[in-house]
Amino acid sequence: MKLALFDLDNTLLAGDSDYHWNEFLIDKGIVDRATHDEANKRFYSQYEAGTIRMEDWLAFQLAPLAKRPRAEIDAWHREYMEQRVRPIMLPKAKALLEKHAKDLRIIITATNHFIVAPICREFGVDNVIACDYEEVDGMLTGKPRGTPSFGAGKVTRLADWLAAQGRAIEDFEESWFYSDSHNDIPLLERVTHPVAVDPDAKLKKKAEDRGWPVVSLREAT
Numbered sequence: 001m002k003l004a005l006f007d008l009d010n011t012l013l014a015g016d017s018d019y020h021w022n023e024f025l026i027d028k029g030i031v032d033r034a035t036h037d038e039a040n041k042r043f044y045s046q047y048e049a050g051t052i053r054m055e056d057w058l059a060f061q062l063a064p065l066a067k068r069p070r071a072e073i074d075a076w077h078r079e080y081m082e083q084r085v086r087p088i089m090l091p092k093a094k095a096l097l098e099k100h101a102k103d104l105r106i107i108i109t110a111t112n113h114f115i116v117a118p119i120c121r122e123f124g125v126d127n128v129i130a131c132d133y134e135e136v137d138g139m140l141t142g143k144p145r146g147t148p149s150f151g152a153g154k155v156t157r158l159a160d161w162l163a164a165q166g167r168a169i170e171d172f173e174e175s176w177f178y179s180d181s182h183n184d185i186p187l188l189e190r191v192t193h194p195v196a197v198d199p200d201a202k203l204k205k206k207a208e209d210r211g212w213p214v215v216s217l218r219e220a221t
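Okay, here's the thing in structure tokens:
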């Protein structure tokens, strides 16, 4: 079997699901516009620069969900999917996933699991590695849990996920990872086929230096 790994935000999506989720909460009046918008933009800039402290980001992301009835936040997510996510799901991303239909497909993302799991299901991918959170009696506590799947943490989380299946990345004759972000270089360097997808400037330079393919899922055919 072959292994196919996919980043989500700005790779399979023409945008960032984290950022859009916070804009959705602002527009619904669930969080204060002034303070939340400023923090959302600040954290996103830090992510792009590779300087973000994931524990701070996750605390910010999870706080509005804490102690809320699960039915309520699931209803929010259904609205969010319709308004914010489906319009940025790239047709070429769906075709790329289909290309790997016979491989072990995993979407691995630094976004939290609550936001991304329904998106991944919509893409037809059941295997998801995302940032985890505490949940007690069916209710989110607002606290993160475990190693964030960010930067080198993606390598760790993938190794743990595969180990739970009795496998390791070296067991696969071929492996792919598709990503837009320089934050994913540690995992890109571990696969046999690293692919830069609509990459940021740092990843584009790295790909050119290493001879990695650079592709776009956004450009018109």
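Residues 1 to 221 in UniProt numbering are what the sequence shown lists, from first letter to last.
Beta carbons: idealized from backbone N, C-alpha and C, even for Gly.
Please classify residue i as buried or exposed, where buried requires at least 16 other C-beta atoms within 10 Å of its C-beta.
i, result
"residue 191", "buried"
"residue 109", "buried"
"residue 105", "buried"
"residue 1", "exposed"
"residue 111", "buried"
"residue 51", "exposed"
"residue 180", "buried"
"residue 87", "exposed"
"residue 207", "buried"
"residue 198", "buried"
"residue 67", "exposed"
"residue 214", "exposed"
"residue 17", "buried"
"residue 32", "exposed"
"residue 137", "exposed"
"residue 160", "exposed"
Which two residues bound the contiguous beta strand (DSSP E) that contains residue i?
i, result
"residue 139", "139-145"
"residue 176", "175-179"
"residue 193", "193-197"
"residue 5", "3-6"
"residue 132", "128-136"
Could you check whether residue j and residue i sit closer than 8 angstroms to each other, using their CB atoms as the reference points?
i, j, result
"residue 195", "residue 172", "no"
"residue 25", "residue 69", "no"
"residue 100", "residue 4", "yes"
"residue 93", "residue 217", "yes"
"residue 219", "residue 193", "no"
Taking 8 angstroms as the limit between beta carbons, can you name the residues of its chain near residue i, skipping five residues before and five after?
i, result
"residue 113", "128, 130, 131, 132, 133"
"residue 43", "52, 56, 57, 60"
"residue 154", "108, 110, 129, 184, 186, 187"
"residue 210", "194"
How far does the alpha helix (DSSP H) with residue i in it reach, from first residue to last?
i, result
"residue 42", "33-49"
"residue 26", "17-27"
"residue 76", "70-80"
"residue 104", "Not the alpha helix (DSSP H): residue 104 falls in the beta strand (DSSP E), residues 104-112."
"residue 201", "201-210"
"residue 185", "185-188"
Report the residue from the options whose alpha carbon sits nearest the alpha carbon of residue i.
i, options, result
"residue 145", "77, 62, 4", "62"
"residue 10", "183, 209, 78, 158", "183"
"residue 95", "204, 12, 213", "12"
"residue 148", "157, 140, 142, 31", "157"
"residue 81", "48, 23, 6", "23"
"residue 249", "75, 169, 164", "Because the chain here runs from 1 to 221, residue 249 falls outside it and cannot be looked at."
"residue 90", "119, 159, 71, 115", "119"
"residue 47", "151, 97, 121", "151"
"residue 77", "54, 117, 8, 45", "117"
"residue 121", "97, 139, 203, 159", "97"
Within its chain, find whatever has a CB closer than 6 angstroms to the CB of residue i; leave out the 5 residues flanking it on each side and keep chain order.
i, result
"residue 20", "84"
"residue 73", "65"
"residue 221", "Any reading at residue 221 must be qualified, since the residue scores a pLDDT of 43, below 50, and its modelled position is unreliable; the value itself is stated next. Taken in chain order, the list of residues that qualify is empty."
Measuring from the CB of residue i, is there a heavy atom of the ligand NAP at a distance below 7 angstroms?
i, result
"residue 77", "Among the components modelled here there is no ligand, and therefore nothing to report on the ligand NAP."
Identify, in the order they occur along the chain, each residue of the same chain with its Cβ nearer than 7 angstroms to the Cβ of residue i, setting aside the five sequence neighbours on each side.
i, result
"residue 115", "17, 18, 21"
"residue 125", "97, 105, 107"
"residue 14", "88, 90, 218"
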